[in-house]
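Chemist: Residues in the sequence shown are numbered from 14 upward in steps of one, following our numbering.
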Amino acid sequence: MKRILQLSVILVLLFPSRGLSYVERGCLVPIVVQRVAFFPIDNLTGVDLPQDLRKEIVREVRLRGLKLLSGEEVDSFLLRNRIRRWSGLTTAMAKKAQEELGAEGVLVAWVDLYDEKRPAIGIGARLIETRTGLPLWANYVSLVGDDFVSFLKLGKISSLEELTKIALARLFSDFSTALQGPVDGGKPLVVKELHFLPRIVRGGQVVKARVQLEGKRGGTYRVYALLDGQEFPLKLTKGWWEGEVVAPKRQGLYLGRIKVRWDGTWIDLNSATTLLVDNTPPAVDLSFENLIFSPNGDGRKDAFIFFPSLLEEDRVKHWEFSLMDEKGKIIRKFVGSGELPLGIAWRGEGTSGEGAAEGLYHFSCSIEDEAGNVFHCPSRTVIVDKTPPAIVVNPSIEGREIKFIIEAKEEIGIEGWRFFITTRGGKVLKAEEGEGPPPSQIQWRPLGDLKDLSFSLEVCDRAGNWAEAKGTVVSTEGKGVKKKGEKPIKRKKPEWNYDF
């Protein structure tokens, strides 16, 4: 039901300087708003607000004849009813304030912009009638110090305290007369939907604002989007008010609101949406396994694996990981959107499934967030090597001592080795192992006269390729040995599932 504010001469005589009065349409009894509960300021800025701000609002309202309830009485009411967010006051909450505080109205205020450096402030307030929960008055003001710069670049306000006083004066300038318009019989305007598209952008990017209003008032009205102290006009297009909004250049989360100019009166609608300005590329950590690998299916270093992860919370839009040959041709590409994969394995296959040749490859990646910032990782070299090391062992007997002369060649480096001497029955008489290349010779003096001794040298390169050289020593007293050259080892090991 439509209500308008009506300060008639009769009511002024009956209730001089005691508050606001309005007449419910279809009702002959005037309702007077004198006793108003002032709820704490809703701070939406993320920074601390000065305590004097509340006192300044109280002063502005009391100058206009209202009796404000604040402090412990209101705080106890909020605590008792477990009311934590009061900027979106419900009808039930308003009626509670009437019952328990005896308030005819509730005043709620919020601050969504407060910056001492520029300076800048954005502040809004609403007066709500407790019996119905409907707003009697609402307004919003956003100012920056540069708004007052004249043609000669004079007049800029550099004090946030001074700017706040101006903002409050403007905020409550039409407090007593804002709703003294003609009865139009229409429904109050309500924001049905409000969007910024996209909602996450880089600083300075143009954003589309779309708002759909419900209800209709008589007269003419214009609609504006408010963001970071700036107003952007919207045009009505197929039931939607639309327009372009320029995102602030500084990184941060900003509140956007809608303001309507109705027949010369500003109306602040109870609506808000957010716009996130993100100028920072995603912070990404990349860890790797098997930068040198052998995709031969033997269960040892068969794949190059990489693990991407976000160091800080971010919204990933697109990711791409590529492997290129030395000529810059892309051999394999992994692409996706949304969350980063836990891990990806490259088993040496090309884009068509064919196996990649031995050689050097270059790993690169790009990760884009929803704002369009892109992280590019430094290029990493990946080596595909399918050839086992070349090894030769030449044993010689000198008296009671056996010497094993070892030659091992491998271009990419040797990771480790193992050497065994065993009897015909398989008993191990000597075992040695180590990291890196094997020694150039190994000496051993057996106890007693042992016959038919066997030896084996296993060498693993950095790619996971194994080679073995083995032979037989006929006798520690003999004049010769039987030996065999290198031979790749083929051991079947359990497969590791690289799918994450």
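Virtual Cβ for every residue (Gly too), placed ideally from N, Cα, C.
In this text the structure is predicted, and so the values were computed from the model without any measurement.
Which ranges does the beta strand (DSSP E) cover as unbroken runs of at least 3 residues, wholly within the segment 304-358, from first to last along the chain?
Modeler: Fully enclosed beta strand (DSSP E) runs of 3 or longer: 317-323, 329-337 and 343-350.
Chemist: Work out the CA separation of Q264 and D65 for me, nearest whole Å.
Modeler: Each residue's alpha carbon lies about 28 Å from the other.
Chemist: Look up G39 in the DSSP assignment and say whether it is helix, strand or coil.
Modeler: Reliability of the predicted coordinates at G39 is poor, the pLDDT of 31 falling under 50, and no value is obtained from them.
Chemist: In the structure shown, what three-state DSSP assignment does R72 receive?
Modeler: Helix.
Chemist: Where I415 and V486 are concerned, what is the direct C-alpha to C-alpha distance, given to the nearest angstrom?
Modeler: Near 9 Å, if we compare the C-alpha coordinates of V486 and I415.
Chemist: May I ask which residues mark the beginning and end of the beta strand (DSSP E) holding F432?
Modeler: That run of the beta strand (DSSP E) goes I427 to T435.
Chemist: Going by beta carbon distance, what residues of the same chain come within less than 6 Å of E257, once the five residues before and after it are set aside?
Modeler: Contacts found: V219.
Chemist: Please confirm whether F376 and R360 have their CB atoms less than 8 Å apart.
Modeler: Taking 8 Å as the Cβ cut-off, F376 and R360 do not qualify as a contacting pair.
Chemist: What would DSSP say about G491, mapped onto helix, strand or coil?
Modeler: Here G491 scores only 44 on pLDDT, less than 50, and its place in the model is too uncertain to base an answer on.
Chemist: Please state whether the Cβ-Cβ distance between V290 and F388 is less than 8 Å.
Modeler: Going by C-beta atoms, V290 is not nearer than 8 Å to F388.
Chemist: By the three-class DSSP mapping on this structure, what secondary structure does T143 have?
Modeler: In the structure shown, T143 sits in coil (DSSP, three-state: anything other than H, G, I, E or B).
Chemist: For R393, list the residues DSSP reports as bridge partners.
Modeler: According to DSSP, R393 bridges with F376.
Chemist: Starting from I54, trace the beta strand (DSSP E) both ways and give me its first and last residue.
Modeler: Run containing I54: none; DSSP gives neither H nor E here.
Chemist: Apply the 10 Å Cβ neighbour rule to Q111 and answer buried if 16 or more other Cβ atoms are within range, or exposed otherwise.
Modeler: Under this definition Q111 is a buried residue.
Chemist: Measure the CB-CB distance between D315 and F306 and report whether it falls below 8 Å.
Modeler: Against a cut-off of 8 Å, the Cβ pair of F306 and D315 comes out as a contact.
Chemist: Kindly indicate which three-state DSSP category R458 falls into: helix, strand or coil?
Modeler: If DSSP states are grouped into helix, strand and coil, R458 belongs with coil.
Chemist: With three or more C-beta pairs closer than 8 Å as the rule, is the segment 315-325 touching the segment 412-431?
Modeler: With a cut-off of 8 Å, the segment 315-325 and the segment 412-431 do not count as touching, because too few Cβ pairs lie within range.
Chemist: Measure the CB-CB distance between V49 and A122 and report whether it falls below 8 Å.
Modeler: No, these two residues do not count as a Cβ contact at 8 Å.
Chemist: For the segment 467-477 against the segment 396-404, do three or more pairs of beta-carbon atoms, one drawn from each stretch, fall closer than 8 Å, so that the two count as touching?
Modeler: Result yes; three or more Cβ-Cβ pairs closer than 8 Å.
Chemist: Roughly how many angstroms lie between the CA atoms of R212 and Y267, to the nearest whole one?
Modeler: Their backbone Cα atoms lie some 10 Å apart in a straight line.
Chemist: Which value, in whole angstroms, describes the spacing of the CA atoms of V397 and A480?
Modeler: Answer to the nearest angstrom: the Cα atoms are 17 Å apart.
Chemist: Determine the burial state of E326: buried for a count of at least 16 other Cβ atoms within 10 Å of its Cβ, exposed for fewer.
Modeler: The residue is exposed, with fewer than 16 neighbouring Cβ atoms inside 10 Å.
Chemist: So for G216, helix, strand or coil by DSSP?
Modeler: Coil at G216, not helix or strand.
Chemist: I'd like the span of the alpha helix (DSSP H) that includes V264, first residue to last.
Modeler: According to the sequence provided, residue 264 is Gln. The question's Val does not apply to it. Counting along the chain, Q264 falls outside any alpha helix (DSSP H), and DSSP gives it neither H nor E.
Chemist: Could you tell me the alpha carbon to alpha carbon distance between P261 and S155, rounded to whole angstroms?
Modeler: The alpha-carbon atoms of P261 and S155 are separated by roughly 14 Å.
Chemist: Select from K178, A421, I170 and R144 the residue whose C-alpha is nearest the C-alpha of E73.
Modeler: Here the closest residue by C-alpha is K178.
Chemist: With a cut-off of 8 Å, do at least 3 Cβ pairs link the segment 332-346 to the segment 360-372?
Modeler: The segment 332-346 vs the segment 360-372: in contact.
Chemist: Counting C-beta neighbours from all protein chains within 10 Å, is the total for R139 16 or more, i.e. buried, or is it exposed?
Modeler: The residue is buried, with at least 16 neighbouring Cβ atoms inside 10 Å.
Chemist: Give me the Cα-Cα distance between P53 and P354, rounded to the nearest whole angstrom.
Modeler: About 45 Å.
Chemist: Buried or exposed: which applies to A476, given that a residue is buried once 16 or more other Cβ atoms fall within 10 Å of its Cβ?
Modeler: It is buried - the Cβ of A476 has at least 16 other Cβ atoms within 10 Å.
Chemist: With DSSP run on the structure shown, which of helix, strand or coil describes A384?
Modeler: Three-state DSSP puts A384 in coil, outside helix and strand.
Chemist: Measuring straight from C-alpha to C-alpha, what distance separates I141 and T104?
Modeler: Cα to Cα, the separation comes out at about 9 Å.
Chemist: From R131 to R77, what does the alpha carbon distance come to, in whole angstroms?
Modeler: Whole-angstrom Cα-Cα distance: 31 Å.
Chemist: Quick one: grab the DSSP three-state call for A151.
Modeler: Three-state DSSP puts A151 in a strand.
Chemist: In three-state DSSP terms, what is T287?
Modeler: It is a strand residue.
Chemist: By Cβ distance below 8 Å, which residues in the same chain neighbour S284 in space, the five residues on each side in sequence not counted?
Modeler: Excluding residues within five positions, the ones whose Cβ falls inside 8 Å are V204, L207, V224, R270 and I271.
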